[in-house]
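A.B. asks: Top to bottom, those sequences are chains A and B.
Numbered by numbering that gives the first Met the number 0, the letters in the first sequence go through residues 0 to 447 in order.
Numbered by numbering that gives the first Met the number 0, the letters in the second sequence go through residues 0 to 317 in order.
Note that beta-carbon positions come from the ideal geometry of N, C-alpha and C, so glycine has one too.
Got a structure for you, written out below as structure tokens; questions coming shortly.
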Amino acid sequence: MSKTKLEMRAGESANLLLRGATVLDPAAGIDARHDVVVRDGKVAELAEPGSVDVAELEAIDAEGLHAFPAFFDPHVHLRTPGQEHKEDIETGARSAAAGGFCGILAMANTEPPVSEPADVEALLVDARAAAAVKVGFLATVTRAMQGEELTEMASLRQAGAAGFSDDGLPVRSANILRRALQYQRLCGGTIALHEEDPELSGSGVMHEGAVSAALGLDGVPSISESTMIARDAAIAGYEGGRIHVQHLSAAESVEAVRAAKAAGVQITCEASPHHLCLTDEEVRSLDPRRFKMNPPLRGEADRQALIEGLRDGTIDCIATDHAPHAPEEKEVPYEQAAMGVTGLETAFAALHTHLVLPGTIELRLLVDRLSVAAGFFEVERPSLAPGSEANIALCDLSAGWTVGEDGYESRSANSWCDGEELTGRVLMTLAGGQIAYRLRSFSMGVAA
Amino acid sequence: MKHLLSIEQLSKAEIEAILDRAESFAEVGRRDIKKVPTLRGRTVVTLFYEASTRTSSSFELAAKRLSADLVSVKAAGSSVDKGESLKDTVATLSAYDPAAIVLRHPYAGAAQMVAGWADASVINAGDGKHEHPSQALLDVYTLRRRLGSLEGKRIWIVGDVLHSRVARSNLIAFKAMGAELTVCGPPALIPRGLEQLGCAVTHSLDRMGEADVVYALRLQHERMRESFVPSLREYAAHFQIDSRRLGRKQLLMHPGPVNRGVELSGEVIDSPQSLIAEQVAAGLVVRMAILYELLAAGDEEPAPALDNGRATPIGQPA
Numbered sequence: 000m001s002k003t004k005l006e007m008r009a010g011e012s013a014n015l016l017l018r019g020a021t022v023l024d025p026a027a028g029i030d031a032r033h034d035v036v037v038r039d040g041k042v043a044e045l046a047e048p049g050s051v052d053v054a055e056l057e058a059i060d061a062e063g064l065h066a067f068p069a070f071f072d073p074h075v076h077l078r079t080p081g082q083e084h085k086e087d088i089e090t091g092a093r094s095a096a097a098g099g100f101c102g103i104l105a106m107a108n109t110e111p112p113v114s115e116p117a118d119v120e121a122l123l124v125d126a127r128a129a130a131a132v133k134v135g136f137l138a139t140v141t142r143a144m145q146g147e148e149l150t151e152m153a154s155l156r157q158a159g160a161a162g163f164s165d166d167g168l169p170v171r172s173a174n175i176l177r178r179a180l181q182y183q184r185l186c187g188g189t190i191a192l193h194e195e196d197p198e199l200s201g202s203g204v205m206h207e208g209a210v211s212a213a214l215g216l217d218g219v220p221s222i223s224e225s226t227m228i229a230r231d232a233a234i235a236g237y238e239g240g241r242i243h244v245q246h247l248s249a250a251e252s253v254e255a256v257r258a259a260k261a262a263g264v265q266i267t268c269e270a271s272p273h274h275l276c277l278t279d280e281e282v283r284s285l286d287p288r289r290f291k292m293n294p295p296l297r298g299e300a301d302r303q304a305l306i307e308g309l310r311d312g313t314i315d316c317i318a319t320d321h322a323p324h325a326p327e328e329k330e331v332p333y334e335q336a337a338m339g340v341t342g343l344e345t346a347f348a349a350l351h352t353h354l355v356l357p358g359t360i361e362l363r364l365l366v367d368r369l370s371v372a373a374g375f376f377e378v379e380r381p382s383l384a385p386g387s388e389a390n391i392a393l394c395d396l397s398a399g400w401t402v403g404e405d406g407y408e409s410r411s412a413n414s415w416c417d418g419e420e421l422t423g424r425v426l427m428t429l430a431g432g433q434i435a436y437r438l439r440s441f442s443m444g445v446a447a
Numbered sequence: 000m001k002h003l004l005s006i007e008q009l010s011k012a013e014i015e016a017i018l019d020r021a022e023s024f025a026e027v028g029r030r031d032i033k034k035v036p037t038l039r040g041r042t043v044v045t046l047f048y049e050a051s052t053r054t055s056s057s058f059e060l061a062a063k064r065l066s067a068d069l070v071s072v073k074a075a076g077s078s079v080d081k082g083e084s085l086k087d088t089v090a091t092l093s094a095y096d097p098a099a100i101v102l103r104h105p106y107a108g109a110a111q112m113v114a115g116w117a118d119a120s121v122i123n124a125g126d127g128k129h130e131h132p133s134q135a136l137l138d139v140y141t142l143r144r145r146l147g148s149l150e151g152k153r154i155w156i157v158g159d160v161l162h163s164r165v166a167r168s169n170l171i172a173f174k175a176m177g178a179e180l181t182v183c184g185p186p187a188l189i190p191r192g193l194e195q196l197g198c199a200v201t202h203s204l205d206r207m208g209e210a211d212v213v214y215a216l217r218l219q220h221e222r223m224r225e226s227f228v229p230s231l232r233e234y235a236a237h238f239q240i241d242s243r244r245l246g247r248k249q250l251l252m253h254p255g256p257v258n259r260g261v262e263l264s265g266e267v268i269d270s271p272q273s274l275i276a277e278q279v280a281a282g283l284v285v286r287m288a289i290l291y292e293l294l295a296a297g298d299e300e301p302a303p304a305l306d307n308g309r310a311t312p313i314g315q316p317a
């Protein structure tokens, strides 16, 4: 069976010493202070703090800093090909690196959508030329996302497609999804699903509830999402297929996934930082740049259900659904504005600020959920265990910063936490054994 | 107050100040010369992205009665037809240095956005299904004249609340003035969660007899095609306000334009209980009061000195 391919720009392998870092890798069972030795792009050694003194390594004083396995985001929009005015592979990958991510998977709802093996091959070539982190590409489930005919899934997998998704749209036809899951037995590749009943969503632009009633905005009911999850989980269960549910937003959806897991369906799912941190109350501002996305921000009970799902493992991972848009697509009244917010550069800091610092979730849970998704798409999980490829996010958990004050690495500025003060910042990212990012103000190589 | 973007932004005292001002303009309206110089030399732009008869004409006349220079832009036939964005259109019109921009737009929040871009005072003349604050003010004005006070009065709002910006603004305004609100209509036309705005929700006119005021909303024909209601006949059978359902002491209001024979029967429209014509008349003086409140109320009364050096008090003919 074919394999997921990720590509990044070839460069110099890192040789570094992170002196006295607090290393936390829940999956590898590491939680202690170490001198982290990175040699030739690999984690060579986790040594006693202060025990390593090697002249040929760049030494970084990581006293008081945390080293995590770098994050992996299974759901970003790089807008390439066709909408490079919003983002391209280079800017999107840079944005990922700035957020501590070592790998990302790009959605296929580009212009045109990624439906042909040659498209996947071309994008991987581009990533090899331009990406600071590892980038993989999903292909569409149906040709041109029309929902009518399957793509050549086996050939797409041979070309390196990381999986399949019509994200942006649901797979409307139950029968088409069934056929895709049957074909999956032949070619592998997780099918990632944007779950929404288009008729129930109708002209909705925000969560249906008291806030939409007050604002006179058409609502998207929670059942638009949860009924499709229930349907698709039943189909996956019947065919023995493997699905990944994207961007859960509603309490009913968490319940539907929980039930599917209990029934033994091969199902994983994700929640986004904005759904975990915000509710539809934000929409009262009528600011589409920060608060219009699909699925919409929902009520506080929904947010609490997502957090509970994250805690009990119903929600497997966090994905940003990084969705860049140009200013003119957002500087219009709410109903007319494009849907989506950026999230790569702020995912860790926002969740650390909103959920970890108040004690809602533990740091180790956040770190785990931010890197675990690699495995769902047959990518090796980032790890700090000695011998692993160096994929490291070096973070200062006490650093305060204002989002967007120095601009963005992304080409777009529609961050949901634009202007917000967050605590916790990524100082440096190692991806694929290379230094992918260093915060400008983080002076390097000064440790005595 | 710099802008009028929503009723939600206004306190009861602010609502009453505007209504009191409107009373004084009503007095001006009974004179032979109905014009006052308050806004002489200042420009009011009306920018309408949707069809409107009474709102646009009454804002335009209100501006003229206050001696403002008026620029009326309708989206149809303007550069909007050529694909100009709202932001660019506002930038263009701002070059005339208007004191106020009166905006009607099919989408919620448009007036608020314009307020962020323009130096002018922005008046929301209807934004999507969100708010229509000047309508709510003129409705409160009309009722206050008839009832003295809205305190403790029972008001029923009947019909298509889901698609109605008038319903939303009036719910907030009537409630702010102390009225008790009940909303009545077919379930699919009452937004989920509406009761959290502080009103009772019912789907039957059976208890409508308790109302002091019945406020009927327009039912648009296309709602049937979207299955909100099965047919106009079915709607009328259950929700039409007719002489059988409307008691003799109950007052009837409607924001217009009326679908005769759908939400209202012909005989109640023309009955003495109907305040529909009074609502239209109130539209002019209330909109004069809004313009005055936003553009001139900060000035010392009487109005600013004119070129003859003599101040002309508000209410004096120019």
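1. Grab me the residues of residue 111/B's own chain with a C-beta within less than 6 angstroms of its C-beta, minus the 5 sequence neighbours each way, in chain order.
2. Straight-line CA distance for residue 350/A to residue 146/B?
3. So, at 8 angstroms on beta carbons, what are the nonlocal neighbours of residue 202/B in its own chain, with the 5 sequence-adjacent residues on each side left out?
4. Quick one: grab the DSSP three-state call for residue 89/A.
5. So, using beta-carbon positions, are residue 192/A and residue 242/A closer together than 7 angstroms?
6. What does residue 84/B reach in chain A if we use C-beta pairs closer than 8 angstroms?
7. Spatial neighbours of residue 202/A within its chain, please: C-beta separation below 6 angstroms, excluding the five flanking residues on both sides.
8. Around the Cβ of residue 124/A, are there at least 16 other Cβ atoms within 10 angstroms (buried) or fewer (exposed)?
9. For the 8 angstroms Cβ check, are there 3 or more pairs between the stretch 19-32 of chain B and the stretch 245-263 of chain B?
10. Once you ignore the five residues that flank residue 324/A on each side, which residues in its own chain have a CB closer than 7 angstroms to its CB?
11. Can you have a look at residue 220/B and say buried or exposed, based on whether 16 or more other CB atoms are within 10 angstroms of its CB?
12. Around the C-beta of residue 263/A, are 16 or more other C-beta atoms found within 10 angstroms, so that it is buried, or is it exposed?
13. With a threshold of 7 angstroms on Cβ separation, who are the neighbours of residue 156/A within its own chain once the five nearest residues in sequence on each side are excluded?
14. Going along the stretch 85-106 of chain B in order, which residues come within less than 7 angstroms of chain A, judged by CB to CB distance?
15. Is there at least one Cβ from chain A nearer than 7 angstroms to residue 190/B's Cβ?
16. 7 angstroms is my cut-off, CB to CB: does residue 447/A come that close to chain B?
17. To the nearest angstrom, how far is it from the Cα of residue 328/A to the Cα of residue 237/B?
18. Give the residues of chain C in contact with residue 296/A, contact being defined as C-beta atoms less than 9 angstroms apart.
19. Among 423/A, 254/A, 392/A, 281/A, which has the Cα closest to the Cα of residue 400/A?
20. Would the beta-carbon of residue 395/A fall within 7 angstroms of that of residue 25/A?
21. Assuming residue 111/A and residue 81/A form a contact by the criterion Cβ under 8 angstroms, report the distance between their Cβ atoms to the nearest whole angstrom.
22. Give, in chain order, every residue of the stretch 169-181 of chain B whose Cβ lies closer than 7 angstroms to some Cβ of chain A.
23. Interface residues of chain B around residue 216/A at Cβ under 8 angstroms?
24. Considering only their Cβ atoms, is the gap separating residue 21/A from residue 467/A smaller than 7 angstroms?
25. Use the C-beta contact count for residue 52/B: other C-beta atoms within 10 angstroms, 16 or more gives buried, fewer gives exposed.
26. Taking CB distances under 7 angstroms as the criterion, tell me whether residue 207/A reaches chain B.
27. Can you confirm whether residue 259/B, when its beta carbon is compared against all beta carbons of chain A, has any partner nearer than 7 angstroms?
28. If you draw a straight line from the C-alpha of residue 315/A to the C-alpha of residue 268/A, how long is it?
29. Distance cutoff 7 angstroms, beta carbons only. Does residue 134/B sit that close to anything in chain A?
30. Do you know how far the Cα of residue 434/A is from the Cα of residue 134/A?
31. Going by C-alpha to C-alpha distance, which of 206/A, 246/A, 266/A sits closest to residue 452/A?
32. Drop a sphere of 10 angstroms on the beta-carbon of residue 284/A, count the other beta-carbons inside from all chains shown, and report buried for 16 or more, exposed for fewer.
33. To be precise: take each residue of the stretch 336-352 of chain A, compare its Cβ to all Cβ atoms of chain B, and keep it if any distance is under 7 angstroms. Which residues remain?
34. Would you say residue 193/B reaches chain A, if we count a Cβ-Cβ gap shorter than 7 angstroms as a contact?
35. Taking a Cβ distance cut-off of 9 angstroms, strictly less, list which residues of the stretch 280-309 of chain A are near chain B, in chain order.
36. Just to confirm the assignment, what range does the beta strand (DSSP E) spanning residue 456/A have?
C.D. replies: Considering the structure as presented:
1. Your numbering for residue 111/B matches position 112 in the second sequence. Same-chain partners within the cutoff: 4.
2. Sequence index remark: in the first sequence, residue 350/A carries index 351 (1-based). Sequence index remark: in the second sequence, residue 146/B carries index 147 (1-based). Between the C-alpha atoms of residue 350/A and residue 146/B there is a straight-line separation of about 54 angstroms.
3. One-based indexing of the second sequence puts residue 202/B at position 203. For residue 202/B, where only same-chain residues beyond five positions count, the Cβ hits under 8 angstroms are 183, 184, 185, 186, 189.
4. Here residue 89/A refers to the residue found at position 90 when the first sequence is read from its first residue. DSSP, read as helix, strand or coil, puts residue 89/A in helix.
5. Here the question's residue 192/A lines up with position 193 in the first sequence. Here the question's residue 242/A lines up with position 243 in the first sequence. With a cutoff of 7 angstroms on beta-carbon distance, residue 192/A and residue 242/A are scored as near each other.
6. Within the second sequence, numbered from 1, the residue matching residue 84/B stands at position 85. Correct list: 327, 330, 331.
7. Walking along the first sequence from the start, residue 202/A turns up at place 203. If we look at residue 202/A and ignore the five residues flanking it on each side, its Cβ neighbours are 217.
8. Along the first sequence, read from residue 1 onward, the residue named residue 124/A stands at position 125. Looking at its Cβ environment, which holds fewer than 16 other Cβ atoms inside 10 Å, residue 124/A is exposed.
9. The stretch 19-32 of chain B, when compared against the stretch 245-263 of chain B, does not touch it at the 8 angstroms Cβ threshold.
10. If you number the first sequence from 1, residue 324/A lands on position 325. Here the set comprises 85, 337, 339, 411, 413.
11. Against the second sequence, residue 220/B aligns to sequence position 221. With fewer than 16 other Cβ atoms within 10 Å, it is exposed.
12. The residue given as residue 263/A occupies position 264 in the first sequence. When all chains shown are included, residue 263/A counts as exposed.
13. Counted from its first residue, the first sequence places residue 156/A at position 157. These residues qualify, in order along the chain: 1, 186, 187, 188.
14. For the stretch 85-106 of chain B, residues whose beta-carbon sits nearer than 7 angstroms to a beta-carbon of chain A comprise 85, 86, 104, 106.
15. The residue labelled residue 190/B in the question sits at position 191 within the second sequence. So yes, residue 190/B belongs to the interface.
16. For the purposes of this step, residue 447/A is taken as the residue at position 448 of the first sequence. Residue confidence is low: residue 447/A scores 35 on pLDDT, short of 50, so the model does not pin down where it sits. Its coordinate-derived value is still stated next. Output row for residue 447/A: interface = no.
17. The residue you call residue 328/A lines up with position 329 of the first sequence. The residue you call residue 237/B lines up with position 238 of the second sequence. Those two C-alpha atoms are separated by around 43 angstroms.
18. The chain inventory of the structure shown lacks chain C, comprising the protein chains A and B.
19. Position 401 of the first sequence, counted from the start, is the residue given in the question as residue 400/A. Residue 423/A is the option with its Cα nearest to residue 400/A.
20. As a working note, residue 395/A is residue 396 in the first sequence. As a working note, residue 25/A is residue 26 in the first sequence. Contact flag unset, no.
21. In the first sequence, residue 111/A corresponds to position 112, counting from 1. In the first sequence, residue 81/A corresponds to position 82, counting from 1. About 7 angstroms; that satisfies the 8 angstroms criterion.
22. Within the stretch 169-181 of chain B, not one residue has a Cβ closer than 7 angstroms to any Cβ of chain A.
23. As a working note, residue 216/A is residue 217 in the first sequence. Chain B residues near residue 216/A: 107, 127, 128, 129.
24. Shown here, chain A extends from 0 to 447; a query on residue 467/A therefore has no answer.
25. Within the second sequence, residue 52/B is the residue found at index 53, counting from 1. So residue 52/B ends up on the exposed side.
26. Locating residue 207/A in the first sequence gives position 208, counting from the first residue. So yes, residue 207/A belongs to the interface.
27. Here residue 259/B is taken as the residue at index 260 of the second sequence, counted from 1. Not closer than 7 angstroms to any Cβ of chain A, the Cβ of residue 259/B fails to qualify, so no.
28. Taking the first sequence and counting its residues from 1, the one referred to as residue 315/A is at position 316. Taking the first sequence and counting its residues from 1, the one referred to as residue 268/A is at position 269. Straight-line Cα distance between these residues: approximately 6 angstroms.
29. Locating residue 134/B in the second sequence gives position 135, counting from the first residue. No, residue 134/B lies away from the interface with chain A (no Cβ there is under 7 angstroms from its Cβ).
30. Taking the first sequence and counting its residues from 1, the one referred to as residue 134/A is at position 135. Taking the first sequence and counting its residues from 1, the one referred to as residue 434/A is at position 435. C-alpha separation (whole angstroms): 15 angstroms.
31. The structure shown has nothing for residue 452/A, since chain A only spans 0 to 447.
32. In the first sequence, residue 284/A corresponds to position 285, counting from 1. Exposed: under 16 other Cβ atoms inside 10 Å.
33. none
34. Within the second sequence, numbered from 1, the residue matching residue 193/B stands at position 194. Yes, its Cβ sits closer than 7 angstroms to a Cβ of chain A.
35. 284, 285, 286, 287
36. There is no way to answer for residue 456/A, as the model of chain A reaches only from 0 to 447.
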